[in-house]
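Counting in my numbering, the sequence shown runs from 252 upward without gaps.
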Amino acid sequence: MAGLFSASLSSLSSSLNALSAMIYGDFVLPLFPEDVVKQKEYFILRAIVVICGTVSTIAALFLDKMGAILPFSNASVGALFGLLFGLYSLGILFPAANAKGAFCGTVISFLVTAVIASMNQWYSLNGSIASSSKSFSVEGCTIPVNITRPLPSEPSPQPFVLFRLSFFYNAVISAATVVLVGIGVSYFTKTEKCVHPDLISPISLRFVRKYCPNGTSAQYVVGKDGGRDTFSFEGSM
252 MAGLFSASLS SLSSSLNALS AMIYGDFVLP LFPEDVVKQK EYFILRAIVV ICGTVSTIAA
312 LFLDKMGAIL PFSNASVGAL FGLLFGLYSL GILFPAANAK GAFCGTVISF LVTAVIASMN
372 QWYSLNGSIA SSSKSFSVEG CTIPVNITRP LPSEPSPQPF VLFRLSFFYN AVISAATVVL
432 VGIGVSYFTK TEKCVHPDLI SPISLRFVRK YCPNGTSAQY VVGKDGGRDT FSFEGSM
């Protein structure tokens, strides 16, 4: 038991420290003056660890009311990784994508998958979505006979189809939402800035275009200069 507790506490402490450093670097430093933050850096990091640990402890008290925690956790993790995969695919495969499209796609994807996962868990707890395992044993089975059972006159209402999907689809839905929303928003908020070809996948490099202010377009041309690849623009009519 001592070994189990020490191993779990070691993993938990490293996760909390990493989360504290990430929150400190991404949210605290950009919002407050650096000279003020640096003076209380040690205190701020420890305070973030205490807050995150307290929230995790309080959340653990509600696990018994959530039923099976494994599907919900897998749905949440799948949605998160699907969001990251969709954001990465949007940036590397679609040259027309911009920061506004990526931001809107990320936010909308997070909201959509959060609603789907929460409603799926809610209907599962209410019994509207039943998932029963099939028996593989034939022990005690009688002779096969045909049995006719009347169908119910009024079928019970089913939740919306998205709320009845397996949690394995959350990653696909999350990634697809990021890409589709990101492309749509980028199309309506496009700018005249050029995309460096090194940031684009070779698969999509042929579709890269530089739109000039006068309405003409130019495409990237790959050449050789002393054994090195060079990139330039070539005008097109």
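Cβ coordinates follow ideal geometry from the N, Cα and C atoms, glycine included. Treat the numbers as computed from the prediction; the structure is a model and nothing was measured.
Quick check: the Cα distance between R297 and S266, rounded to an integer number of angstroms?
Distance between the alpha carbons of R297 and S266: 13 Å.
Need the endpoints of the alpha helix (DSSP H) that V301 sits in, please.
Taken as a continuous stretch (DSSP letters only), the alpha helix (DSSP H) holding V301 covers E292 to A311.
Can you say whether P346 is buried or exposed, counting buried as having 16 or more other CB atoms within 10 angstroms of its CB?
When all chains shown are included, P346 counts as buried.
Would you say S369 and A426 are within 8 Å of each other, going by their C-beta atoms?
The answer is no: Cβ separation not under 8 Å.
Report the three-state DSSP secondary structure of L270 (helix, strand or coil).
Three-state result, L270: helix.
In the DSSP assignment, find the unbroken alpha helix (DSSP H) run with Y438 in it and report its ends.
Note, Y438: alpha helix (DSSP H), N421 to F439.
Per DSSP, what kind of secondary structure is P281 in: helix, strand or coil?
Residue state, collapsed to three classes: helix.
Leaving out the 5 sequence neighbours to the left and right, which residues in its chain are closer than 7 Å to N465 when beta-carbon positions are compared?
Since pLDDT at N465 reaches only 40, below the 50 mark, its modelled position is unreliable, and no value is offered.
Looking at C-beta atoms only, is the number of pairs between the segment 426-439 and the segment 347-357 that lie closer than 8 Å three or more?
Here the segment 426-439 lies against the segment 347-357, with 3 or more beta-carbon pairs under 8 Å apart.
Just tell me which of S327, F336 and L344 has its CA closest to the CA of V363.
Just measuring C-alpha positions, the residue of S327, F336 and L344 sitting nearest V363 is S327.
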